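Have a look at the structure below before the remarks.
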Amino acid sequence: MRLLLQPLPIRIFHWMMVACVMVLLFTGLYLSSPFEKLLLPLRTVRTLHSIFGLILIANLAGQIYYYVYTTKWTELIFLPRDLVNLRSFFRYVFFITDGHPNYGRYNPGQKLLFSLWFLTVAIAAITGIVLLLPNHTSAFQRLMGGLSGIRIIHFMGAIFFSMSIPLHFYLVFTEDLAKLQAMFTGYVNVEPSPTYVKSKPAYLPGHPKDERHK
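Quick note, the sequence shown lines up with residues 23 to 236 if you use the numbering used here.
Shown next, in the form of structure tokens:
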């Protein structure tokens, strides 16, 4: 039996984010320190960085609308009620126990990471727009200590993404691999549960509860 776990909009948002983050990390690193063995036009790299940054912002806005509209945002964002599941989650990912409770679509570690990514993308979007339009954001620049301070914040966001991507892979591969398949196909294969039919008890003829003797 096939169960739809990741609807098409979620898969589109996911892979759009993957593409944008990969391009942004590469172009951002190149702009920060151009590679000696790979000479690329800085203007083209900067344009690509800006375009994919805007696509990432639009993708984030689309995700917010989708999850709020479908009321599925609680499946993605780490909430106080998820704190009680952290103990069982850590015991599982560190191989102390063989199993864990059914957390739903995502486990507490994934939800915490997704929440941090949401904040990081929001901060990177704000600082990126300031760096893209320095002549129109002077008030915000003064608030954040100038363009140098904003660049540091923007760079730290990129560092966080670079460090958290391996963690994301670890959390994915320590979960059910069928859920990884669902990010490509949308579906997971589920073994149907046996159906038990509760029947009335049978009594021997002459038993006081035998309906034929009522």
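Ideal placement from N, C-alpha and C gives every residue a C-beta, glycine not left out. Please read all numbers here as calculations on a predicted model, not as lab measurements.
Residue of the options minimising C-alpha distance to residue i
i: V143; options: E97, Q85, V115, R24; result: Q85
i: H71; options: L46, K133, S55, H122; result: L46
i: F116; options: H176, Y125, G131; result: G131
i: F74; options: S55, F48, E58; result: F48
i: G50; options: A41, M39, H176; result: H176
i: G179; options: T149, V40, T93; result: T149
i: Y91; options: E58, P31, K133; result: P31
i: F136; options: L101, Q203, K59; result: L101
i: S184; options: D120, Y87, W139, N107; result: W139
i: P145; options: V210, N124, L78, M205; result: Inspection of the sequence shows that residue 145 is occupied by Ile rather than by Pro. When each option's Cα is compared against that of I145, the closest is L78.
Own chain, CB closer than 8 Å to residue i, minus 5 neighbours either side, in chain order
i: S215; result: Any answer about S215 is weak, because its pLDDT of 48 lies below 50 and its placement is not dependable; what the coordinates show is given next. Taken in chain order, the list of residues that qualify is empty.
i: L169; result: V152, L153, P156, Q163
i: V219; result: Residue confidence for V219 is low, a pLDDT of 39 falling below 50, so the modelled location carries little weight; the figure read from the coordinates is stated next. The answer is none, since no qualifying residue turns up.
i: L134; result: F100, D104
i: L193; result: V115, N129, G131, Q132, L135
6 Å CB neighbourhood of residue i in its chain, flanking five on each side removed
i: R127; result: E97
i: N129; result: F111
i: H122; result: S110, Y114
Residue i versus residue j - alpha carbon distance
i: R24; j: K201; result: 12 Å
i: L26; j: V43; result: 26 Å
i: P29; j: N81; result: 16 Å
i: Y114; j: I174; result: 36 Å
i: H160; j: G171; result: The residue you asked about is not His; residue 160 is Ser in the sequence shown. S160 and G171: Cα-Cα distance of roughly 13 Å.
i: H158; j: M166; result: 15 Å
i: F191; j: R65; result: 33 Å
i: S55; j: A147; result: 21 Å
i: V40; j: T93; result: 24 Å
i: I181; j: I187; result: 10 Å
i: M205; j: E58; result: 37 Å
i: Q203; j: T69; result: 34 Å
Neighbourhood of residue i by C-beta, 7 Å cutoff - its chain only, sequence neighbours within 5 removed
i: Y52; result: L62, V67
i: T119; result: R113
i: Y125; result: N107
Nearest-angstrom beta carbon gap, residue j and residue i [assumed within contact, 8 Å]
i: W95; j: Y89; result: 4 Å
Runs of alpha helix (DSSP H) wholly within the region 120–177 (minimum 4 residues, chain order) | 130–154, 160–165
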